[in-house]
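To start, the structure itself, in structure tokens.
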Amino acid sequence: MTFAAFHKKSRRYSKLGLAPGTVKYIGERKDQKHIVSLIEFDKDHCNSSVLDTNKVLETFFPNEPKSQWFNIVGLTDESFIKTLGNSLNLNLLTLESVVDTHQRPKIDDFDHYLFGVFKMVYFDDNASLKYEHLAMVLIEGKLITFQEVEEDVFNGVRTRLSQEASRIRQRGADYLFFALLDAVVDHYFIALEQLGLKLDELEDMVYYNPEASQGQKIQKLKKEILKLRQHIYPSKDLVQKLLNSTHPLIKEETKVFLRDLSDQCAEINETLQLYREMSTNLMELHMSTMGNKMNEVMKVLTIMASIFIPLTFIAGIYGMNFDHMPELHWKFGYPMVWILMGSCFIGMLLYFKMKKWM
Amino acid sequence: MTFAAFHKKSRRYSKLGLAPGTVKYIGERKDQKHIVSLIEFDKDHCNSSVLDTNKVLETFFPNEPKSQWFNIVGLTDESFIKTLGNSLNLNLLTLESVVDTHQRPKIDDFDHYLFGVFKMVYFDDNASLKYEHLAMVLIEGKLITFQEVEEDVFNGVRTRLSQEASRIRQRGADYLFFALLDAVVDHYFIALEQLGLKLDELEDMVYYNPEASQGQKIQKLKKEILKLRQHIYPSKDLVQKLLNSTHPLIKEETKVFLRDLSDQCAEINETLQLYREMSTNLMELHMSTMGNKMNEVMKVLTIMASIFIPLTFIAGIYGMNFDHMPELHWKFGYPMVWILMGSCFIGMLLYFKMKKWM
Amino acid sequence: MTFAAFHKKSRRYSKLGLAPGTVKYIGERKDQKHIVSLIEFDKDHCNSSVLDTNKVLETFFPNEPKSQWFNIVGLTDESFIKTLGNSLNLNLLTLESVVDTHQRPKIDDFDHYLFGVFKMVYFDDNASLKYEHLAMVLIEGKLITFQEVEEDVFNGVRTRLSQEASRIRQRGADYLFFALLDAVVDHYFIALEQLGLKLDELEDMVYYNPEASQGQKIQKLKKEILKLRQHIYPSKDLVQKLLNSTHPLIKEETKVFLRDLSDQCAEINETLQLYREMSTNLMELHMSTMGNKMNEVMKVLTIMASIFIPLTFIAGIYGMNFDHMPELHWKFGYPMVWILMGSCFIGMLLYFKMKKWM
Amino acid sequence: MTFAAFHKKSRRYSKLGLAPGTVKYIGERKDQKHIVSLIEFDKDHCNSSVLDTNKVLETFFPNEPKSQWFNIVGLTDESFIKTLGNSLNLNLLTLESVVDTHQRPKIDDFDHYLFGVFKMVYFDDNASLKYEHLAMVLIEGKLITFQEVEEDVFNGVRTRLSQEASRIRQRGADYLFFALLDAVVDHYFIALEQLGLKLDELEDMVYYNPEASQGQKIQKLKKEILKLRQHIYPSKDLVQKLLNSTHPLIKEETKVFLRDLSDQCAEINETLQLYREMSTNLMELHMSTMGNKMNEVMKVLTIMASIFIPLTFIAGIYGMNFDHMPELHWKFGYPMVWILMGSCFIGMLLYFKMKKWM
Amino acid sequence: MTFAAFHKKSRRYSKLGLAPGTVKYIGERKDQKHIVSLIEFDKDHCNSSVLDTNKVLETFFPNEPKSQWFNIVGLTDESFIKTLGNSLNLNLLTLESVVDTHQRPKIDDFDHYLFGVFKMVYFDDNASLKYEHLAMVLIEGKLITFQEVEEDVFNGVRTRLSQEASRIRQRGADYLFFALLDAVVDHYFIALEQLGLKLDELEDMVYYNPEASQGQKIQKLKKEILKLRQHIYPSKDLVQKLLNSTHPLIKEETKVFLRDLSDQCAEINETLQLYREMSTNLMELHMSTMGNKMNEVMKVLTIMASIFIPLTFIAGIYGMNFDHMPELHWKFGYPMVWILMGSCFIGMLLYFKMKKWM
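Chains as they are written, first to last, in our numbering: chain G, 11 to 368; chain H, 11 to 368; chain X, 11 to 368; chain A, 11 to 368; chain C, 11 to 368.
Shown next as structure tokens:
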């Protein structure tokens, strides 16, 4: 690959030399449109609206007693993000992470807000896994989420919000933060199950219908597992960090839920580990099965060659043209040769039977 | 696999979008009947009875000085579980775990109760391993256990309860909690021994009667070990957590037993680790043995071909029809060819003997 | 294997349903006789005697100022063990471990005594490794050891005890406890060295005299190493636990010896690790060597076949019976065919030389 | 290799027997010229100049309120380094590390200064990775960097320094220290991406265009990954050490940036780990693919040989010259043989079809 | 191996049954002569002398203000060691370790002295690695070193001692202790480099000149790396222990050097780890290369056999002796057979070209 080609592909190259905290969109969806939706709720009400991007900042953050959830879809408008960040007094490093769609999952706690980045995992229409960047800022009474595409990962949460007695309405923005995290982790389980089923199918094929091409399929699955692990493995530590945090935005009554979530993340990580070992074992079995198939091929060759090469040799003998070959003139020479060849044949068969090659 | 097919199989999909703490049965035994049995005991008495499911809640928890062990079999009646949970003031997350038969083993301590989930492991009639969900709630003086099927795992404990001088009767519900845990762990050892014997048998076969199909058997055993490990590996940490806990429901005099149990769990984990390494070694040996068999097949082929191909060549020479081939007319041409071929034959044999291929 | 057959073999099955702390002999030596020997010693004296089993408990523990070492051989008499335990006020769990010959190594400290279980490792007459159960109870001024057979592992200690100025005599029972432990660990080194020498022998064979059967030998050795590790690996942690313990029965002046013992255990564990890696490497080399042998077999086959199959073809040509084959009637047809075949032969030889296959 | 040849190559041999703290250049660029450049800056100004090596020490460190960044290129002038070190009161061990271009990355904190060694990683013109030694000394208000060649790794920082409102100018030398570190780590990401792209290319080839030579390429890549890891793996711990340090030269307001850098280093290490596993999987796939190719070769051989060897045998039979072979004189003898051979042929074909070898 | 043969070889067997702290020489150099050399030094003087072994103890340790370094070569005279130990009030366990040349590296701190055991690593004349036992006792103002042979590992230190302004002279015995340790670790680097070069050479051979015998060479190198690791791996922890120690004999001003030494040990351990992974990769490459060679052998066989076996069959057909074979009498029968065979030949060639086997 040429150097120039590399630079085109590199996500990092464009940031080289920039100061840390430079707000620069990094990602593949450069033409994404901005949509800002707002859900305002308290115990008794829940209003949902779509904001005009230009007027967002005007109507932003009135001295509202209701909890507010701003969901911002589309991250390419760097100046909007910067203005928003300034008005909320967010750290520049936070804003940098908001628009870096390759940002590794993390939780950062600042004095007046909490910042989290996670990967959402879901199926696309081809039932293959997709990873989406999710950034969340929790400020007193407000939650702002940033994503690139509108996904249904949060639909369940929205439904619950619209229900009168839901716990989210009663507990406000910090519980909403947790509820979104919980929805993200729920989708991790779905992804894991999908992989598990793929693994099961592949296993059945390796056991009952072995083929050379399965090696590639197993390795592809292993790579998918590795990639999923890279994206969701950090979650457990992050939830644990939230659980141990004494940040005032994390209320004590939410912690029992975080503990539960942490257990779930532990289960996810264990299952990922299990899948890795199972896929490694599967590859081992595949290679052993392929070896056995080759063994069988070789046996057929050996049996055929060992039986017929000596017989051909015998026939060759009596195809020689010497003047003086007494056997050729015997009356029963020809049948005797057949008897000799038959004996060889049966002897070889018995030998291979004894060796259990047949 | 289609998307729809996946959703049918997925245990998680049905929970997607539900609030954490939603009590929803997850499992395979949807038609299970409910049986609630109660054992009341103190130092001098032990009464066992089966309760009417409808009247359980009425007769539940009188201001009884005796210790009570409620064993609830069948988890599909979500409303019953919820009513029970409310009357005992159990956390919703606890109830969610009670009816989630895929819940990973865990210990949660709440202010007024302890909650534990474990997997019971036992043989079914085909001598293959089965895993059953067990949830236990320990409240002052009362122990409630939830399971899906009636198993004999606790029979020993019931027998001991019916004996006059048994330690369980003297020490009450928290010791009973420990005793049930101990019975569960005892069955882990049985399962381990079973796997160990399978491993020994397989090893004998790989050593003394190697066959290609053993690769699959070893991999199946490895998978069984992995699965057993997934279910019983967390136990040690959980018992350790109980041991270090200062929860008032865990009395000091029980801790010496917990320490012993923790040692047993450590032994289980070590043995699991040992079995994994042994099965890995066994697979390695199997593959090496299969390789050697192939080696032998190739040697037979090579010996047969190397001996007879040159001889056939010699016979071919004197089968040519040239007008002028003086050897054909020699008086001893034919015997001389036999001598030549015999020399080749013996030379090749000696060569292969020297190479130790025969 | 049938279920019934499994239960016969299972050591655990017989304990299923028993209360923890049930004193039940678990092991293979059910007909072992009891021998109780007592060594009483102080700085100036050392008397050794064999006690009558029936009268042990009468003559047991007089208000003797001398240190006492009771060595109890044979563990099948459960009632004797229980009576002994009661008179010494030992925990039931301790007694259970005393008679469970499969008990994993452990150290338990109780208020008034220390309890340790270790495995003794020694050679039997076939120079193969044997593991023996050893339980030790240290009570103020007294040491009681339990074993199944009389072994010479402690002979060195007995000899030192019989010597006037020996340190054991001066320091009493707790130093004797350490000295026995030290003797046990010394035998671990002997076992390790034995394995090391086996490994060296096997390595020499794999290098200089490779054979297919060595795979099995290496795997057997690996299993022996795994088994030895399982039994002696915990020792280091146990000695470390003693070293860090503040139990009054472990005197400060003994700790310098425990530190030395802990270093020795660390060395044992490192050596075990080293042997495992060396045996893994050896297996790898074995498989690579076997592969090379197969390679050589294939080369011989390929060379023989590649040289003689074309030659046979040429001979076959001139064995055809067409009416019009001018070459057959040429005067020098026959020698020219020899020249042609010789050229082929030499060409193939050169080709194989060039490929470095010969 | 002879002993003498070894000594020539050995970087360590030349230091054998020298006292620790001996300032001796170790590296490959012995003819490097010295260039000392100085950038002086405060909030309002930023002057850049190249100093005369001879006069550096005279003009060095006036009682300047501005922050100063001395960049020293070329490390072979040991006496200059020593004089510089003395005038700044640097530890001899620090100076030794400055001129040891093989020094492992490290952070040392001394009372009045901080010392860091890192590896810069960048592409050379052949797009292959190069490692360069970087040493940094941070003293109150001054930063001195030592490198062997002038690289553009710091160009971005220089540009930012020349900008009016840049954070570096406002925060001074300790933030500059961080900014350089950040630039170094940014280049690690570029190197990682390059390796990732190589890995992707290789993967595509192994999947879609497998060849024997890819084994070597994969192993070369694995070695490159190992080497990169060796050089950049320690960075995370070092940044963490800075983060946890209470050294007065690391100001609190820089720590939020260090935390971000530490997260980046964590991501680097995870990615390195991921690449290692991916390259291991790739090698496994390569070997499995090669095995399958061999399998296919063997199948062709087996099919050809199994079909034609028996046919040749049949032809051989009727090439025999017995006087009495009735079939030879049958009218339809020849066509019948063809029919026989055709049946054999078709039979073998069906057999191989059934075995799915064709 | 017989039992008796084992006992002869066993180093441990001779110690079985001895009390801990028994001073018994364990090693291979039983005929070594004793040499005791003494270097006395302070800031201004440095005198070197060889002491008469018989008179050592008389002239030992006068109330000398100078620092003293006793270097004792030869460890077989157990009584001398014991007398020396008694006069210095050394622990018996220390003396036991002094004369046990297989002692694992360790640091023990006693109230009035520090004791260290290390392995010196150096080349012998065959450029192969040798390990030598080194024991060091540091007592106020005195350092005693014990070794088996006179090696030049410490020559550099002796030279520095003889120089006027050397740091060792100024700082006394405890710095000398460090300086010797530093010299030992410097030689570890030399050994590592040697191994690294061997690894590079082997790698070149595996890449550019692959041969079956390289498997053994790689495994030998792996074993050398394992052995070197076993001996020098503990060093890092030991230096770290010294660094964290508050023993009065380790002065604060030495700690900066110990920190540097600890960094060096960390580098050594990392490099060892790197070499292990590289050698594992190399073995993998070797096996993959050998597999590819076999692949090539098989291809040649398959091509030769697949081309010529069918041709031979055709020739065989027309060698049959049927009375009625019309083709034999065709005028162009013979050339047509040639054309047929030529077509087969070219067809097979094209097939193999298509398969990319040629």
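Even for Gly, the Cβ is constructed at its ideal location relative to N, Cα and C.
Predicted model, so just to flag it, every value in this text is computed and none were measured.
Of all Cβ atoms in chain G, is any one closer than 7 Å to the Cβ of residue i?
i, result
"F355(A)", "no"
"A183(A)", "no"
"H334(H)", "no"
"M288(H)", "no"
Would you mind stating whether residue i and residue j have Cβ atoms separated by less than 7 Å?
i, j, result
"L236(G)", "W79(G)", "no"
"L231(H)", "K208(H)", "yes"
"H334(H)", "Y328(X)", "no"
"L321(A)", "M364(A)", "no"
"M314(X)", "I313(H)", "no"
"H241(H)", "K140(H)", "no"
"A193(X)", "V163(X)", "yes"
"F90(X)", "T104(X)", "no"
"E277(H)", "R114(X)", "yes"
"D119(G)", "H296(G)", "no"
"Q180(C)", "K76(C)", "no"
Of all the CB atoms in chain A, is at least one closer than 7 Å to the CB of residue i?
i, result
"V147(G)", "no"
"T63(C)", "no"
Is there at least one Cβ from chain H nearer than 7 Å to residue i's Cβ?
i, result
"D87(G)", "no"
"H241(X)", "no"
"M11(G)", "Unreliable placement is indicated for M11(G), whose pLDDT of 45 sits below 50; the coordinate value is still reported in the next sentence. No, because no Cβ of chain H sits closer than 7 Å to the Cβ of M11(G)."
Please tell me whether residue i has its Cβ less than 7 Å away from any Cβ of chain C.
i, result
"K232(A)", "yes"
"G343(A)", "yes"
State the Cα-Cα distance for the pair residue i and residue j, rounded to the nearest angstrom.
i, j, result
"I45(X)", "P30(C)", "29 Å"
"S272(G)", "Y123(H)", "20 Å"
"K261(G)", "I178(G)", "13 Å"
"M11(X)", "L212(H)", "At M11(X) the pLDDT is 45, less than 50, meaning the model places this residue with poor confidence; the figure from the coordinates comes in the next sentence. So the two alpha carbons sit approximately 12 Å from each other."
"T299(X)", "V310(X)", "17 Å"
"F156(H)", "K251(X)", "39 Å"
So residue i and residue j are in contact, right, with Cβ under 8 Å, and what is the actual spacing, rounded?
i, j, result
"L144(G)", "A183(G)", "With 8 Å as the limit, L144(G) and A183(G) do not qualify as a contact, their Cβ atoms being about 16 Å apart."
"V195(G)", "Q274(G)", "6 Å"
"F355(H)", "I317(H)", "6 Å"
"M288(G)", "K233(H)", "7 Å"
"N369(H)", "Q229(X)", "Since the displayed chain H opens at 11 and closes at 368, residue 369(H) lies outside it and no answer follows."
Using a Cβ cut-off of 7 Å (strictly closer), state whether residue i contacts chain X.
i, result
"S316(H)", "yes"
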